[in-house]
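Taking our numbering, the leading residue of the sequence shown gets 53, the next gets one more, and so forth. Accompanying notes for the structure given below.
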Amino acid sequence: MRKITLSNGKTVEVECLSCALTSGSVEPDGGVIVETEHFHAHQDVAYPIEGLVIIASKRHIKCLDELTDEERLDYINTMAKIRKAQREVLGIDYVYYFYNEDTTHHFHTWLVPRYEWMREFGRSVESLRPVLLHARNHRNTVVNHQKVMSSIGALRNALQ
Ligand SMILES: [Zn+2]
């Protein structure tokens, strides 16, 4: 078991945070954005970026080639639906996708929307970590938190 501190400051002891989130034993702040047979999408509100979505498999696997044919189809279709909703309800023009197989959790992909304020951190892959850290350390305001919560609701409604 590992002790993990969640974005709301609570500490949970879990084997795998992705398993805990996708099984519902840990409820993400803001709740579930969309859930399918094989995938579960939520936001990590520790990074107050409107429309940031994490899509995790329900099965405890690490690598893309471990997905079954059915899971692959569900994965790409669900991700595309989320992407469409980000565009239609939040006006997001571009999204960066990030996924690492050597995760300490399990298979999950980050969908990180691109906003004007991120320009100062450069483009493409090198900007991702600085952008996330900047959001967490400098944009964690009450107002931004409210915006994030309402964007979660808007995405959830659009994906119903
Ligand atoms: Zn897991």
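Backbone N, C-alpha and C define an ideal beta-carbon position, used for all residues, glycine too.
Check                                                                                                                                                  : Outcome
Tell me the DSSP secondary structure of Lys114 in three-state form.                                                                                    : coil
Restricting to Cα atoms, I'd like to know which of His94, Tyr167 and Ser75 is closest to Ser59.                                                        : His94
State the DSSP-derived secondary structure class of Ala98, mapped to helix, strand or coil.                                                            : coil
Give me the Cα-Cα distance between Lys133 and Leu211, rounded to the nearest whole angstrom.                                                           : 7 Å
At a cut-off of 6 Å, would you count Cys115 as near ligand 1, judging by its Cβ distance to the nearest heavy atom?                                    : no
Quick check: the segment 75-93 against the segment 187-205, are at least 3 beta-carbon pairs closer than 8 Å?                                          : yes
Can you check which of these residues, Ala137, Ser109, Val194 and Leu125, is closest to Ala72 by C-alpha distance?                                     : Ser109
Look at the alpha carbon of Thr155 and the alpha carbon of Thr161, and state the distance between them as a whole number of angstroms.                 : 11 Å
Grab me the residues of Thr130's own chain with a C-beta within less than 6 Å of its C-beta, minus the 5 sequence neighbours each way, in chain order. : Thr88 and Phe91
Taking the C-alpha atoms as reference points, what is the distance between His186 and Tyr149?                                                          : 18 Å
Quick one: measure Cβ to Cβ for Ala98 and Arg191, integer angstroms, because I've assumed they're closer than 8 Å.                                     : Actually they do not touch by this definition, with Cβ atoms about 11 Å apart.
Kindly indicate which three-state DSSP category Pro226 falls into: helix, strand or coil?                                                              : Summary: the structure shown does not reach residue 226, with the chain confined to residues 53 through 212, and so no result is reported for it.
Out of Leu69, His197 and Glu140, which has the shortest C-alpha to C-alpha gap to Arg111?                                                              : Leu69
Would you kindly work out how many angstroms separate the C-alpha atoms of Arg175 and Lys55, rounded to a whole number?                                : 34 Å
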